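Colleague: My questions all concern the structure below.
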Amino acid sequence: MTLQNYPPTKELQEKDNRFLHPWELMSRVGHNERTIIERAEGVYVYDSEGNRLLDAPAGMWCQQIGHGREEMADAIHEQVMRMTYASPWGLGTAPSALLAAKLGELTPGDLNEVYFSTGGSEAVDSALRFVMFYFNNLGLTEKKHIISRHKAYHGCTYLASSCSGKERDKSFFDFETGFVHHISDPNPYRRPAGMSVEEFCDFLVEELENKIKELGPDKVAAFIAEPILGAGGVIVPPEGYHRRTWEVCKSYDVLYISDEVVTAFGRLGHWFASKDVFDIEPDIITTAKGITSGYLPLGATLISDRLMRRISGRKDNRAVFSCGYTYSGHPVVCAAALKNIEIMERENLMAHAREVGPYMQERIRELNDIAIVGDVRGKGLMACVECVISKDSRDPLTMDYEIGSRIDAHCQALGLLVRPIINMCVMSPPLVITKAEIDDMVGILRQGIERAMDDVEREGLWRRTPQNIGGPGVA
Ligand code: PLP
1 MTLQNYPPTK ELQEKDNRFL HPWELMSRVG HNERTIIERA EGVYVYDSEG
51 NRLLDAPAGM WCQQIGHGRE EMADAIHEQV MRMTYASPWG LGTAPSALLA
101 AKLGELTPGD LNEVYFSTGG SEAVDSALRF VMFYFNNLGL TEKKHIISRH
151 KAYHGCTYLA SSCSGKERDK SFFDFETGFV HHISDPNPYR RPAGMSVEEF
201 CDFLVEELEN KIKELGPDKV AAFIAEPILG AGGVIVPPEG YHRRTWEVCK
251 SYDVLYISDE VVTAFGRLGH WFASKDVFDI EPDIITTAKG ITSGYLPLGA
301 TLISDRLMRR ISGRKDNRAV FSCGYTYSGH PVVCAAALKN IEIMERENLM
351 AHAREVGPYM QERIRELNDI AIVGDVRGKG LMACVECVIS KDSRDPLTMD
401 YEIGSRIDAH CQALGLLVRP IINMCVMSPP LVITKAEIDD MVGILRQGIE
451 RAMDDVEREG LWRRTPQNIG GPGVA
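Counting along the sequence shown from 1, when you hit position 226 you're at 226 in the numbering used here, and nothing is skipped either side.
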């Protein structure tokens, strides 16, 4: 079969029902009619019926340089023809060596040791396993506890999903609860009533410190945190939160793992957000997604030289880092990542993201005037619109339906893909998006939300009251 003669949409949708998709609802298995995406170019994807959709989630937070770049295809082709694969156990390859060195240049501080995997979950899992290995090497075998946060998303391997904190993901699976602990999510919009944002920040920092003291600093190995909680609904913690929590960790010798699977590679206008945006130098950074702009799967765990020096290089140390994947440092994938970074550098996409990111934030906040919109938040090229029953109560607009999916369906009919998450819609467009395309995105989103609002009002699931059509939500 060539690319030109795919079967018709209906047949593809039936066959697609044999694919157990991520986060598949069991009641829908075998009955889905998913939109089939057939081709893509720039910031647009095209479905199998020929409809053009602006790709506002950038696939899954991953399409930085835009779809269909010929240079990427050429780089991948060239590496396939030159050398497809060599075992990373005993051998090195030029693309993996060059990429490891390049990442060291782009990371903050001394995060120069790179461990390659095939995606974000593995990057996180490997970071957590490395932390345990590290303390075992130092003879601190009791230092095993991990602190994470509610609403976090760190992936779906056993340990990474145990660190995730989205309540809906916690049913029907089993998780590690013995040494993984969760503290509050840092969402200013959902802070306790009567608390200022500054007081909320104090509370969050104290909560982390108290949790470390309660478990015992000699037993706490690491704190893991996304700089902005992405899948949890683009939660931007209060000003100063990152620096203060990082200082707490440092003072108790608790390692700080910054999960930059989403926030790196330009999403916030910098290669990595930890230092440049939030002024912290983590011990470990995990990343994936934008590292190849989604052209091929790659994850990376970036580890501080300081940590590595403490456990390596001594002749009498017989420890083996027995962790690795057949595809760690896959040369074709690394060649794609190198080309992706080269394109970003040449086209100055960091500067472009720093220009269009604030514009997107400004434009999207205009949606605050819609009655069901409680909060519009975000930073750089990450944004979220959260729907509520009333702007006063801030109760999520959920009940027996998912407003996010309704908005997504209306937006698709109007030419826009968004990412629905229960009562929220998340946007993280390709870095190459223009201001005119952002205008289109916000315009369609407004129409999509208003149409969904009309639906739920017509169906008697929600109604306008003086309270819910009041002023914009505060955050
Ligand atoms: N960490 C964060 C912050 C993520 O957002 C994700 C995925 O969205 C992951 C880890 C897991 O990455 P992957 O889906 O590539 O395994």
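Virtual Cβ for every residue (Gly too), placed ideally from N, Cα, C. This one's a predicted model, so the numbers in the text were calculated from it and none came from an experiment.
1) Within its chain, find whatever has a CB closer than 6 Å to the CB of V45; leave out the 5 residues flanking it on each side and keep chain order.
2) Please list, in chain order, all residues of the same chain as E345 whose beta carbon is under 6 Å from its beta carbon, the five residues on each side excluded.
3) Going by beta-carbon coordinates alone, are D185 and T157 separated by less than 7 Å?
4) How is M441 classed by DSSP in three states: helix, strand or coil?
5) Are the stretch 133 to 151 and the stretch 212 to 229 touching, with three or more C-beta to C-beta distances below 8 Å?
6) Less than 6 Å between the CB of S121 and some heavy atom of ligand 1, yes or no?
7) So within the stretch 280 to 365, which uninterrupted beta strand (DSSP E) runs reach at least 3 residues, ignoring any that extend past its ends?
8) Which residue from G404, L414 and G374 puts its Cα closest to that of D395?
9) Between I438 and Y359, which are expected to be in contact by the criterion C-beta below 8 Å, what is the C-beta distance as a whole number of angstroms?
10) Check whether the Cβ atoms of V114 and A123 lie closer than 7 Å to each other.
11) The alpha helix (DSSP H) spanning R564 covers which residue range?
12) Expressed to the nearest angstrom, what Euclidean distance is found between the alpha-carbon atoms of E281 and W271?
13) Could you tell me whether any non-hydrogen atom of ligand 1 is closer than 6 Å to the CB of E226?
14) Could you check where the alpha helix (DSSP H) with E11 kicks off and where it finishes?
15) Classify F130 as buried or exposed, calling it buried when 16 or more other Cβ atoms lie within 10 Å of its own Cβ.
16) Please confirm whether any heavy atom of ligand 1 lies closer than 6 Å to the CB of A222.
17) Shortest alpha-carbon distance to R406 belongs to which of K289, L255, R267 and A452?
18) Please identify the residue among H21, H67, T263 and K275 whose C-alpha is closest to the C-alpha of K289.
19) Have a look at H330 and L103 and give me their C-alpha separation to the nearest angstrom.
20) Would you list the residues sitting across from L182 in a DSSP beta bridge?
21) Using 10 angstroms around the beta-carbon of P7, count the other beta-carbons present and answer buried if the total reaches 16, otherwise exposed.
22) What is the DSSP secondary structure of A56, reduced to helix, strand or coil?
23) Give me, in chain order, the residues of the same chain whose beta-carbon lies closer than 8 Å to that of R463; leave out the 5 immediate sequence neighbours on both sides.
24) Assuming S293 and N348 make a contact with CB atoms under 8 Å, what is their CB distance in whole Å?
25) Decide yes or no for the touch test of the stretch 132 to 146 against the stretch 185 to 200: beta carbon pairs closer than 8 Å, at least 3 of them.
26) Once you ignore the five residues that flank I372 on each side, which residues in its own chain have a CB closer than 6 Å to its CB?
27) Suppose you measure from the CA of T465 to the CA of S304; what does that come to, to the nearest Å?
28) What residue range does the alpha helix (DSSP H) around R244 cover?
29) Which residues does DSSP list as the beta-bridge partners of P88?
30) Beta-carbon within less than 6 Å of N187's beta-carbon, same chain only, minus the 5 sequence neighbours each way: which residues are those?
31) Does DSSP put V254 in a helix, in a strand, or in coil?
32) Check whether the Cβ atoms of V332 and Q79 lie closer than 7 Å to each other.
33) CB of A351 to nearest heavy atom of ligand 1: below 6 Å?
34) Report the rounded CA-to-CA distance for P22 versus E209, giving the unit in angstroms.
35) Does ligand 1 have even one heavy atom less than 6 Å from the beta-carbon of D279?
Modeller: From the atom records:
1) The count along the sequence shown starts at 1 and reaches residue 45 at position 45. Taken in chain order, the residues that qualify are I37, L53 and D55.
2) Reading the sequence shown from its first residue, position 345 is the one you call residue 345. Cβ within range, chain order: n/a, list empty.
3) Here residue 185 corresponds to residue number 185 of the sequence shown, with the count starting at 1. Here residue 157 corresponds to residue number 157 of the sequence shown, with the count starting at 1. Their beta carbons are not under 7 Å apart, which means D185 does not touch T157 by this criterion.
4) Residue numbering aside, residue 441 sits at position 441 when the sequence shown is read from its first letter. Here M441 sits in helix by DSSP.
5) yes
6) Stepping through the sequence shown from its first residue, residue 121 is reached at position 121. At least one heavy atom of ligand 1 is nearer than 6 Å to the Cβ of S121, so yes.
7) 284 to 287 and 299 to 303
8) On the sequence shown, residue 395 is found 395 positions in, with the first residue counted as 1. Nearest of G404, L414 and G374 to D395, Cα basis: G374.
9) Taking the first residue of the sequence shown as position 1, residue 438 is located at position 438. Taking the first residue of the sequence shown as position 1, residue 359 is located at position 359. Right, their Cβ atoms sit about 6 Å apart.
10) Mapped onto the sequence shown, residue 114 falls at position 114. Mapped onto the sequence shown, residue 123 falls at position 123. Contact: no.
11) Since the displayed the chain opens at 1 and closes at 475, residue 564 lies outside it and no answer follows.
12) The count along the sequence shown starts at 1 and reaches residue 281 at position 281. The count along the sequence shown starts at 1 and reaches residue 271 at position 271. Their backbone Cα atoms lie some 14 Å apart in a straight line.
13) Translated into the one-based positions of the sequence shown, residue 226 becomes position 226. For ligand 1, at least one heavy atom lies less than 6 Å from the Cβ of E226.
14) Position 11 of the sequence shown, counted from the first residue, corresponds to residue 11. Unbroken alpha helix (DSSP H) run through E11: T9 to D16.
15) Position 130 of the sequence shown, counted from the start, is the residue given in the question as residue 130. Buried is the call here.
16) Along the sequence shown, read from residue 1 onward, the residue named residue 222 stands at position 222. Result no, Cβ not under 6 Å from ligand 1.
17) Residue numbering aside, residue 406 sits at position 406 when the sequence shown is read from its first letter. Taking only the C-alpha atoms, the option nearest R406 is A452.
18) Position 289 of the sequence shown holds residue 289. Of H21, H67, T263 and K275, the residue nearest in Cα terms is T263.
19) In the sequence shown, residue 330 corresponds to position 330, counting from 1. In the sequence shown, residue 103 corresponds to position 103, counting from 1. H330 and L103: Cα-Cα distance of roughly 15 Å.
20) By one-based count along the sequence shown, residue 182 stands at place 182. With the sequence shown as reference, residue 182 is identified as His, and Leu is not the correct amino acid for it. In DSSP, H182 forms a bridge with S148.
21) Counting from 1 along the sequence shown, the entry for residue 7 is found at position 7. Exposed, because fewer than 16 other Cβ atoms sit within 10 Å of the Cβ of P7.
22) Here residue 56 is taken as the residue at index 56 of the sequence shown, counted from 1. Three-state DSSP puts A56 in coil, outside helix and strand.
23) Working through the sequence shown from its first residue, we reach residue 463 at position 463. Result list for R463: E457, in chain order.
24) For this step, residue 293 is matched to residue 293 along the sequence shown. For this step, residue 348 is matched to residue 348 along the sequence shown. Contact flag wrong, Cβ pair sits at about 16 Å.
25) no
26) By one-based count along the sequence shown, residue 372 stands at place 372. The answer, listed in chain order, is C387, L397 and M453.
27) For the purposes of this step, residue 465 is taken as the residue at position 465 of the sequence shown. For the purposes of this step, residue 304 is taken as the residue at position 304 of the sequence shown. So the two alpha carbons sit approximately 54 Å from each other.
28) Here residue 244 refers to the residue found at position 244 when the sequence shown is read from its first residue. Y241 to S251 is the span of the alpha helix (DSSP H), which, as asked, contains R244.
29) One-based indexing of the sequence shown puts residue 88 at position 88. Partner(s): none; P88 has no beta bridge.
30) Residue mapping note: residue 187 aligns to position 187 of the sequence shown, counting from 1. Within the same chain, N187 has close Cβ partners I235.
31) The residue you call residue 254 lines up with position 254 of the sequence shown. Coil.
32) Working through the sequence shown from its first residue, we reach residue 332 at position 332. Working through the sequence shown from its first residue, we reach residue 79 at position 79. Going by C-beta atoms, V332 is nearer than 7 Å to Q79.
33) Residue mapping note: residue 351 aligns to position 351 of the sequence shown, counting from 1. Every heavy atom of ligand 1 is 6 Å or more from the Cβ of A351, so no.
34) Sequence index remark: in the sequence shown, residue 22 carries index 22 (1-based). Sequence index remark: in the sequence shown, residue 209 carries index 209 (1-based). If I take the Cα positions, the gap works out to 35 Å.
35) To locate residue 279, count along the sequence shown from 1; it is residue 279. Because no heavy atom of ligand 1 lies under 6 Å away, the Cβ of D279 does not count as near it: no.
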